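> Going letter by letter, the sequence shown gives residues 17 to 215 in the numbering used here.
Note that the Cβ used here is the ideal one computed from N, Cα and C, for glycine as well.
None of the values given here were measured: they were computed from a predicted structure.
To start, I am sharing the structure in question, which I have written as structure tokens.
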Amino acid sequence: MELDLNVIHEQATEAARLLLSSAAPAPGALCVIGCSTSEIAGERIGSASNAEVARAVMDGLLPVLHGAGLFVAVQGCEHINRALCVERACQERFGLAEVWVEPWLHAGGAFCTEAAGRFADHVMVEDLRAQATLGIDIGGTLIGMHLRPVVVPIHAALRRIGSATLVLAKSRPRYVGGPRAHYPDHTSDPVSYTHLTLP
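So, in structure tokens, the structure goes:
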């Protein structure tokens, strides 16, 4: 399959914009991204890591997400136990445990390797302690382990980046209480709920 990197860049940019328009996150929220460049290229996940595709996707996503004031965590592949690349400011803000590994094309994947090369003062962390409230999964990389419950899929018109499936997600607080409980209007931003109202 011949890849058009400009199209991939445009699709990644659109994915980030769709996520922000649906979730309307506050600055400082944490977004986790998993991306299989192999799947984007029409190959089986983990079989054909592609640094050029990683750059095109990163160039589409990062300016939009960082422009909204979000922290970004990039998940590595199963060969590094899905450890994540973050900037040190993110690690400190969320109290994340550092691990000692350097991602590369075939253990961590092209996208995580790209993150390590361009993040300011990057650090690898074991997990996010389920603190991410936004997620982008490109190619079935299984980012759910890093998202805060309750995870809500975003049903957007854009369903693929290249040949890879695209899943966007956001989190909302759990509903608690019984038949007398009242809840905020959930047509507003579900990521920023801070309280429940009881009669």
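Quick one: does residue 133 have its CB under 7 Å from some CB of chain B?
Note that chain B does not occur in the displayed structure, where there is just one protein chain.
> Could you work out which residue in 110, 174, 189 is closest to residue 182 when comparing CA atoms only?
Here residue 182 refers to the residue found at position 166 when the sequence shown is read from its first residue. The residue with the shortest Cα to Cα distance from residue 182 is 174.
> Confirm, please, whether the CB-CB distance from residue 190 to residue 166 is below 7 Å.
Position 150 of the sequence shown, counted from the first residue, corresponds to residue 166. Position 174 of the sequence shown, counted from the first residue, corresponds to residue 190. Contact: yes.
> Look up residue 211 in the DSSP assignment and say whether it is helix, strand or coil.
The residue you call residue 211 lines up with position 195 of the sequence shown. Because the pLDDT of residue 211 is 40, which lies under 50, any placement of that residue in the model is unreliable, and the number read from its coordinates should be weighed accordingly. When DSSP states are grouped into helix, strand and coil, residue 211 belongs to the coil group.
> Cα-Cα, which of 45, 85, 180, 140 is closest to residue 156?
By one-based count along the sequence shown, residue 156 stands at place 140. That would be 180, whose Cα lies nearest to the Cα of residue 156.
> Please report the distance separating the alpha-carbon of residue 19 from that of residue 197.
As a first step, residue 19 is located in the sequence shown; it is residue number 3 there, counting from the start. As a first step, residue 197 is located in the sequence shown; it is residue number 181 there, counting from the start. Residue 19 and residue 197: Cα-Cα distance of roughly 52 Å.
> Given a threshold of 16 other Cβ atoms within 10 Å of its Cβ, counted over all protein chains shown, does residue 41 qualify as buried or as exposed?
Residue numbering aside, residue 41 sits at position 25 when the sequence shown is read from its first letter. Label assigned to residue 41: buried.
> Determine, using beta carbons only, whether residue 47 and residue 73 come nearer to each other than 7 Å.
What you label residue 47 is simply residue 31 of the sequence shown in a count that begins at 1. What you label residue 73 is simply residue 57 of the sequence shown in a count that begins at 1. Not in contact: residue 47 and residue 73 (Cβ atoms no closer than 7 Å).
> Comparing C-alpha positions only, which one of 123, 91, 176, 193 sits nearest to residue 158?
Locating residue 158 in the sequence shown gives position 142, counting from the first residue. That would be 91, whose Cα lies nearest to the Cα of residue 158.
> Name the residue from 131, 199, 200, 126 whose alpha carbon lies nearest to the alpha carbon of residue 53.
Taking the sequence shown and counting its residues from 1, one reaches residue 53 at position 37. The shortest Cα separation from residue 53 among 131, 199, 200, 126 belongs to 126.
> Leaving aside the five residues before and after residue 27 along the sequence, list all residues of the same chain whose C-beta is less than 6 Å from its C-beta, in chain order.
To locate residue 27, count along the sequence shown from 1; it is residue 11. These residues qualify, in order along the chain: 177.
> What residue range does the beta strand (DSSP E) around residue 87 cover?
Locating residue 87 in the sequence shown gives position 71, counting from the first residue. Counting along the chain, the beta strand (DSSP E) containing residue 87 begins and ends at 87 to 91.
> Can you tell me the Cβ-Cβ gap for residue 56 and residue 69, rounded? I've got them flagged as a contact below 8 Å.
By one-based count along the sequence shown, residue 56 stands at place 40. By one-based count along the sequence shown, residue 69 stands at place 53. So it is a contact: roughly 5 Å between Cβ atoms.
> Among 32, 33, 79, 110, which has the Cα closest to the Cα of residue 134?
Position 118 of the sequence shown, counting from 1, holds the residue named residue 134. The residue with the shortest Cα to Cα distance from residue 134 is 79.
> Name the one or two DSSP bridge partners that residue 187 has.
Position 171 of the sequence shown holds residue 187. Partner(s): 167.
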